[in-house]
Amino acid sequence: MGAASEQGAFYRAMWRWHFYAGLIVLPVLALMAVTGALYLYKPELEALAYPVRLPSAQGAMLPPSRIVAAAEKEAGAKATQLLRPASDTESWRVVTGTVGGGTITHFVDPRDGRVLGAMRDGGVMQTVKTLHSLTITGPVGNRLVEVVAGWAIILCVTGLYLRWPRRGQPALAIRGTAKGRLFWRDLHGTLGFASALVILFLAITGMPWTDVWGGGLRAVIAANGAGRPPMKVNPWAHAAKEALPWTLREQDAPVGHAARDIGVDAVAEIAARRGLRAGYQLFLPAEPGAPYLVTAMTIRADDARAITIDASSGAVVQDMEWRQFGRGAQAVEWGIATHQGQQYGEANRLLMLAGCLCLLLLCVTAPVLWWKRRRDGRLSAPPAAPPGARRTVAGLMIALGALFPLTGLSMLAALAGEWIAGRLRRA
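Residues in the sequence shown are numbered from 1 upward in steps of one, following the numbering used here.
Okay, here's the thing in structure tokens:
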């Protein structure tokens with residue numbers, strides 16, 4: 001009887017943590033679920049919004065320099081990037097700068113040099129991406145994502161415990177009618193139990209993009225020799241780091257010293273000789289003597305490739321590929337590619353989409369369930385557990401929070417807030 005009572009106290013303590021975790025991050029998780037689901041279909045949505053598809057796939061390709069020149073003439077500005085798609089049925093993209101510091105992507109027909117349309121600052125899908133990562137609000141948003149991802153992990157852990165089959169209670173069941181509390185509790189619990197591992201995976205693999213935890217992870221990987229060999233890149237090119245694999249983004253740059261430039265046509269030929277004929281981004285040097293950078297548009301993690309080419313001589317300074325990555329870098333790149341629904345084809349994308357949709361439904365069913373369980377017309381938190389169970393569960397949660405520093409700090413703030421609220425109620 002004592003053991004059962006102790007187990008019940010532990011359950012209530014876990015329930016209370018699950019409740020407050022959801023209360024803290026529910027709106028942000030809903031936003032991330034919607035934007036994440038949309039971003040999984042970036043190619044298809046961009047093809048609907050912009051002239052990605054060519055009106056005709058007949059005729060010979062123009063040299064890259066002609067395509068760049070057509071976009072520069074249209075924009076009245078110098079190009080910073082050239083994107084050659086993997087498919088011959090898609091328009092090439094040339095990125096130019098703007099006076100205000102933004103970018104314009106020009107969609108060019110590679111057979112006649114016509115500029116088919118333009119996209120400013122990454123277009124609609126870049127907006128979706130900045131909303132998903134909350135970078136639209138600056139550094140504060142990036143840190144908030146780290147906090148939310150940590151709390152999402154806590155939601156998954158506590159939710160799995162709460163829904164774990166016990167005393168005849170099935171994990172996967174929907175009983176009752178939509179008017180009753182049991183139906184909504186089962187719907188929420190079944191969705192959560194079925195999707196917890198996918199949501200947990202999305203939360204963990206999203207962490208490398210964050211500044212504090214992600215930056216710390218890069219440092220740990222590098223310190224243990226599990227990253228990538230040092231590689232010279234071109235940081236002056238607009239958004240060059242965004243095009244690189246995650247583990248190649250923190251690099252020193254070579255110093256420009258020569259005025260001669262071999263040009264984009266020669267660079268494209270060098271990349272083709274090394275097997276990179278299509279499906280790449282070519283970053284033009286923004287200062288005399290700075291190198292060219294050619295990166296593969298990665299689908300799978302092992303597609304990662306970055307070639308640095310000396311602008312004056314055409315010598316390949318370094319050719320970096322997946323096999324040269326350390327185990328830590330490979331693990332992170334694999335996690336990111338899988339997170340984005342790319343590593344294992346359409347099945348991978350559908351599984352990540354299912355995770356996003358389940359997360360959104362959990363965000364909808366949670367407040368409904370809270371409303372259904374109100375007493376005397378008042379909303380309230382789950383009943384408090386005895387002090388011993390509260391301390392045990394709080395210790396476990398803080399130990400988990402120690403793995404994610406910003407989340408851990410927010411936990412301490414939440415505990416302090418609950419203690420202060422309790423003192424005020426008693427007063």
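Backbone N, C-alpha and C fix where the C-beta goes; we use that ideal spot for every residue, glycine too. Since the structure is predicted, the reported quantities are computational estimates derived from the model, not experimental observations.
A direct Cα-to-Cα measurement between Thr-295 and Gly-289 gives close to 19 Å. In this structure, DSSP gives Thr-103 an extended state, which the three-state scheme calls strand.
Below 8 Å, too few C-beta pairs join the segment 374-389 and the segment 168-181 to call them touching: fewer than three.
Between Met-320 and Ala-306, the C-beta gap is smaller than 7 Å, which places the two residues in contact. Rounded to the nearest angstrom, the Cβ distance from Ala-266 to Gly-314 is 6 Å, consistent with a contact under 8 Å.
Taken atom to atom, the span from the alpha-carbon of Thr-89 to that of Met-61 is near 11 Å. If you look at Ile-307, you'll find it in the beta strand (DSSP E) that goes 305-309. Judged by beta-carbon spacing, Ile-154 lies within the 7 Å limit of Ala-21, meaning their Cβ atoms are closer than that value. Burial state of Gly-189 is buried, judged by a 10 Å Cβ sphere holding 16 or more other Cβ atoms.
Taking His-339 as the centre and dropping the five residues before and after it, the same chain places the C-beta of Phe-201, Leu-202, Thr-205, Gly-206 and Met-352 closer than 8 Å to its C-beta, in chain order. As for any beta strand (DSSP E) of minimum length 3 sitting wholly inside the segment 24-100, the runs are 79-84 and 92-97, ordered along the chain.
If only complete runs of 4 or more residues are kept, the segment 127-192 shows the alpha helix (DSSP H) at 139-163, in order along the chain. Taking a cut-off of 8 Å for Cβ pairs, the segment 407-414 and the segment 157-170 do not touch, as fewer than three such pairs fall below it.
The C-alpha of Ala-268 lies about 59 Å from the C-alpha of Trp-370.
Comparing alpha carbon positions, the residue from Phe-10, Trp-17 and Gln-7 closest to Gly-401 is Trp-17. The three-state secondary structure of Phe-404, taken from DSSP, is coil. In the DSSP assignment, the residues bridged to Asp-319 are Ile-307. Rounded to whole angstroms, the separation of the alpha carbons of Leu-54 and Ala-171 is 50 Å.
Sequence-distant Cβ neighbours of Tyr-50 in its own chain, meaning closer than 7 Å and more than five residues away, are Phe-107, Gly-117, Met-119 and Gly-123. When DSSP states are grouped into helix, strand and coil, Leu-409 belongs to the helix group. In terms of CA proximity to Arg-349, Pro-43 leads the group Ile-24, Val-94, Phe-19 and Pro-43. Here Thr-127 is exposed, its C-beta having fewer than 16 other C-beta atoms within 10 Å.
Restricting attention to Ser-65, Arg-166 and Leu-187, the CA atom closest to the CA of Arg-175 is found in Leu-187. Annotated three-state conformation of Gln-281 is strand, per DSSP. DSSP lists Gln-281 and Ala-306 as the bridge partner or partners of Thr-295. By a beta-carbon distance limit of 8 Å, Glu-74 does not contact Val-99. Their separation comes to about 15 Å.
Taking the C-beta atoms as reference points, Gly-150 is found nearer than 7 Å to Thr-407. For Ile-398, same chain residues with a beta-carbon under 7 Å away, outside a window of 5 residues either side, are Gly-408 and Met-411 in chain order. Per DSSP, Ala-331 is not a residue of any beta strand (DSSP E); the alpha helix (DSSP H) it occupies stretches across 327-339. Here Tyr-344 is exposed. Its C-beta has fewer than 16 other C-beta atoms within 10 Å.
In the three-state scheme derived from DSSP, where H, G and I count as helix and E and B as strand, Ala-21 is classed as helix. Restricted to the segment 349-419, not a single beta strand (DSSP E) segment is unbroken, complete and at least 3 residues in length. In the DSSP assignment, Ala-271 falls within the alpha helix (DSSP H) that extends over 264-273. The DSSP-derived three-state label of Leu-116 is strand. In this structure, the beta-carbon distance from Ala-329 to Arg-228 falls below 7 Å. Ala-30 and Val-148 have their C-alpha atoms some 11 Å from each other.
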